[in-house]
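**Q** Here the first sequence stands for residues 0 to 478, numbered as in numbering that gives the first Met the number 0.
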Amino acid sequence: MSDTTIVWFRNDLRLDDNCALIRAAANGSVIPVYIIDDETPGAWSMGGASRWWLHMSLTALAADLGTLGSRLVLRRGRSADVLAKLAVDCKATAVHASRAYQPWAGALESQIKTDLAAVGVTFRRFAGTLLFEPEAVRTKDGGPFKVYTPFWRSATDGPDLPPPQPAPQALQSPARWPKSDTLKSWGLLPQKPDWAGGLRDAWTPGAAGAQARLATFLASGLKGYAENRNRPDLPATSRLSPHLAFGEISPLRAWHAARDHAHDATVMAKDCEVFCKELAWREFSYHLLFHWPTLPSDPFRADFARFPWAPSDADLRAWQRGMTGYPIVDAGMRELWHTGYMHNRVRMVVGSFLVKHLLIPWQAGEAWFWDTLVDADLASNSASWQWIAGCGADAAPYFRIFNPIKQGETFDAHGTYVRRWVPELGLLPNDVIHQPWEAPELVLRAAGVQLGKTYPTRIVDHATARDRALSAFKSLKTS
DNA sequence: TTTTGAGTTGTTCGA
DNA sequence: GTCGAACAACTCAAA
C-alpha cells in the first residue's frame, strides 16, 4: 500500500465520481497534477473564455484537494513528456487519468502508455467524462449511429446506469511533493483589458459551484423544463454546460439527480426525460466526434464542400459584436461576449443567421464560439454548428431557416431578453422590439432610438436573405 | 438484399 | 386567427 500514483486531471476537475482519483486513493499516496499543454500536435488550443474558467476551476480544485490534506501540482508542456519526467522524479508506480475523446486523444494516450511502460510505470485510463463510451453504443450492424433518436434508444436500452461514487475521504501525500508552477505564471486571466467582469458576475467555476448550480436547477428549473427551456427570458435552463465541459460535475451525477426527482409530485416525468435527453445530446456529439474525427473541420455531408459561401469580414464582425440590426441576434451575441454563454435557443438563431442569412462558413461561427464560450466543447460545438448549417449528421433540412423576428416574438414575447442585452432598444414597445425598423418614426423617437445611429440598420433583409440561402442550397443539387 | 418507417428544435402560404 | 400542406428528397437503422 505504499505505491505512489499520479492522478492526471484533465476535463474531470472534481473529486467525486472520479474513478481515476478514487482508485488511486485506494492504492496509496496520490500526486494530483494538471498539465497545460499547448504543444501536443493537432490539439485545439483552449479559447480565451475557457482559459479564464480554467484558472478559476484549478483554484477551486486545489482548495478542494487541500481539504483532503493534498495539493495540486501544476506543470506546463507536452503532456507525454511532463508525465514521464514527473513519474520518474516522484518514483510513481502508476499514472491514472480519465479518458478523453478528441481526435488527438487516442494517439496521445497510446504514446503516454508506451512512454510510461518504458520507465516501468503503469498507465491506467478510466471512464468518467461520458455516460456511454463511444464504442459501447452500436447499431445492429456494429457501426456507429448517425441519427440521434436511434442512438438514444439504443444507449438507454440496457440496465440503469450505476450510481455516482463519492469523493475519497482523505488523500495520502507523497513523501516529498514535486515542484509546481504557480497558476499566475500561466497567464490565463485577461489583463489588458480585463474583459472577464461579466464572467465573474455570471459564474462560480469549480465543483462546489457546479453542485450549487445543480441544486438550484433541481429546485426551480426542472419543473416545467420541457417547455421553459426554450425561453431565453427565463432562468429555465440548467446552465451546467461549462461545469460539465470541465468535468466539475459528472454527467452521471446530473443524470441521477434529475431521475431522482422524477417521482417528485411537482415535476413531470416529461421534464426529467427532456433534461436527460439533453445530456444525451452531449453524448451523441462525442459519439460523432470519436467516430468522425474530422467533424471540427470538414462538413459531415461531403457535398457541402462545394457550398457557395459568400464570406464577408464586415458581416462577420457585425455578427460577432452583436451589431446586425436584428435584436434577438444581437442580444445573443452580446450575452455571449459579456457572460461567455448564450441560451440554447438563441444559439440556434444566431447560428442559422450566420450560415444562412449571411452565407458565412459555419467554421467561422465555430471558431468564434470556441474562443468566447466558457462551455466550449469540441464535440458539442462542432456537431451543433454542422447541424445548424445543414451539413451535419441528422441535420436540419436546408429549407429550415430561422426567422429571427418570429423566433424573437415566439420565445421572447415580452422582449425581456432583448432589453437585457440591447439596452438601447429598451424603451421600444413590445410589438416592435424584435423589428425596430417597422416602428413609426414617432415611436422610435419616443424611445430614443435612431436607426443607423443609436442602433444599427439591418445588414440584410430577411426575405431576401432567405431566398438567397434557398438558392445556394439548391445549387448543391444541380452543380 | 430489399423494404419500410422515420427523422430535435421551422417558415410560409393559402384556405 | 388557425390549420394543414408544401417545402425535397435522402439517409439511416432495423426488420
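Where is the CB? At the ideal position from N, CA and C, for every residue including glycine.
For L12, count neighbouring C-beta atoms within 10 Å of its own C-beta (all shown protein chains included) and say buried if the count is 16 or more, exposed if not.
**A** To locate residue 12, count along the first sequence from 1; it is residue 13. Counting every other CB atom within 10 Å of its CB across the protein chains shown gives L12 a total of 16 or more, marking it as buried.
**Q** Run through DSSP, which three-state label would F8 get?
**A** On the first sequence, position 9 is the one that residue 8 refers to. In the displayed model, F8 falls within a strand according to three-state DSSP.
**Q** Closest to K112 by CA distance: which of L129, R137, A86, G127 is it?
**A** In the first sequence, counting from the first residue as 1, residue 112 sits at position 113. Checked all of L129, R137, A86, G127; the closest Cα to K112 is A86.
**Q** Checking the sheet assignment: what are the DSSP bridge partners for P234?
**A** The residue labelled residue 234 in the question sits at position 235 within the first sequence. None, per the DSSP bridge assignment.
**Q** For H95, which of helix, strand or coil comes out of DSSP?
**A** Along the first sequence, read from residue 1 onward, the residue named residue 95 stands at position 96. Correct three-state label for H95: strand.
**Q** Mapping the DSSP letters down to three states, classify F245 as helix, strand or coil.
**A** Walking along the first sequence from the start, residue 245 turns up at place 246. Secondary structure of F245 (DSSP, three-state): coil.
**Q** Inspect the beta-carbon positions of R305 and C390 and report whether they are closer than 8 Å.
**A** To locate residue 305, count along the first sequence from 1; it is residue 306. To locate residue 390, count along the first sequence from 1; it is residue 391. Going by beta carbons, R305 and C390 fall outside the 8 Å limit.
**Q** Under the rule that 16 or more other beta-carbon atoms within 10 Å means buried, what is F398, buried or exposed?
**A** What you label residue 398 is simply residue 399 of the first sequence in a count that begins at 1. Its Cβ having fewer than 16 others within 10 Å, F398 is exposed.
**Q** So, are the CB atoms of T58 and N26 less than 8 Å apart?
**A** Position 59 of the first sequence, counted from the start, is the residue given in the question as residue 58. Position 27 of the first sequence, counted from the start, is the residue given in the question as residue 26. Their beta carbons are not under 8 Å apart, which means T58 does not touch N26 by this criterion.
**Q** From G141 to A317, what does the alpha carbon distance come to, in whole angstroms?
**A** Taking the first sequence and counting its residues from 1, one reaches residue 141 at position 142. Taking the first sequence and counting its residues from 1, one reaches residue 317 at position 318. Straight-line Cα distance between these residues: approximately 46 Å.
**Q** Looking at the structure shown, is Y397 part of a helix, part of a strand, or coil, going by DSSP?
**A** Here residue 397 corresponds to residue number 398 of the first sequence, with the count starting at 1. Residue state, collapsed to three classes: coil.
**Q** Mind checking which residues open and close the alpha helix (DSSP H) that includes R320?
**A** Position 321 of the first sequence, counted from the first residue, corresponds to residue 320. Start and end: 312-320.
**Q** Please tell me whether A261 and C271 are closer than 8 Å, where the distance is taken between their beta carbons.
**A** Within the first sequence, numbered from 1, the residue matching residue 261 stands at position 262. Within the first sequence, numbered from 1, the residue matching residue 271 stands at position 272. A contact, by the Cβ cut-off of 8 Å.
**Q** So what does DSSP say about D493, is it helix, strand or coil?
**A** The shown model of the chain, from 0 to 478, leaves out residue 493, and the question about it has no answer.
**Q** Please report the distance separating the alpha-carbon of A445 from that of L427.
**A** In the first sequence, residue 445 corresponds to position 446, counting from 1. In the first sequence, residue 427 corresponds to position 428, counting from 1. Using only the alpha carbons, I get a separation of about 8 Å.
**Q** Go through its chain and collect everything with a Cβ distance to R70's Cβ below 8 Å, but skip five positions before and after it.
**A** Position 71 of the first sequence, counted from the first residue, corresponds to residue 70. P31, A61, L64, S172, W176, S179.
**Q** Only counting the same chain, and skipping five residues up and downstream in sequence, which positions put a Cβ closer than 7 Å to that of I458?
**A** Locating residue 458 in the first sequence gives position 459, where the first residue counts as 1. Result list for I458: D314, A317, T323, G324, in chain order.
**Q** Any idea what DSSP makes of D2, helix, strand or coil?
**A** For the purposes of this step, residue 2 is taken as the residue at position 3 of the first sequence. Note: D2 maps to strand in three-state DSSP.
**Q** Using 8 Å for Cβ pairs, my map puts V373 next to A48. What's the rounded Cβ distance?
**A** By 1-based counting over the first sequence, the position of residue 373 is 374. By 1-based counting over the first sequence, the position of residue 48 is 49. The pair is a contact, with the Cβ atoms about 5 Å apart (cut-off 8 Å).
**Q** With respect to the beta strand (DSSP E) encompassing V32, which residues constitute its N-terminal and C-terminal limits?
**A** Translated into the one-based positions of the first sequence, residue 32 becomes position 33. Looking at the DSSP string, the run of the beta strand (DSSP E) that includes V32 is 27-35.
**Q** With a floor of 4 residues, list each alpha helix (DSSP H) that falls wholly inside the region 334-403, ordered by position along the chain.
**A** 343-351, 361-371, 377-388
**Q** Buried or exposed, going by whether 16 or more other CB atoms sit within 10 Å of the CB of E334?
**A** In the first sequence, the residue the question calls residue 334 occupies position 335. Its Cβ being crowded by 16 or more others within 10 Å, E334 is buried.
**Q** Sort F352, A468, V120 by Cα distance to D2 and report the nearest one.
**A** Taking the first sequence and counting its residues from 1, one reaches residue 2 at position 3. That would be V120, whose Cα lies nearest to the Cα of D2.
**Q** Between L239 and the rest of its own chain, which residues show a CB-CB distance below 8 Å, the 5 nearest in sequence each way excluded?
**A** As a position in the first sequence, residue 239 is number 240, starting the count at 1. Within the same chain, L239 has close Cβ partners A209, R212, L213, F216, I248, A253.
**Q** Identify every run of the alpha helix (DSSP H) within the region 198-234, keeping only runs that are complete inside it and at least 4 residues long; order them along the chain.
**A** 206-219, 224-227
**Q** Please return the same chain residues whose Cβ sits closer than 6 Å to the Cβ of A225, not counting the five positions on each side in sequence.
**A** Residue 225 sits at position 226 when you count from the first residue of the first sequence. Excluding residues within five positions, the ones whose Cβ falls inside 6 Å are K269, D270, V273.
**Q** Can you list, in chain order, the residues of its chain with a C-beta nearer than 6 Å to that of E423? Leave out the 5 residues immediately preceding and following it.
**A** Your numbering for residue 423 matches position 424 in the first sequence. The residues are T453, Y454.
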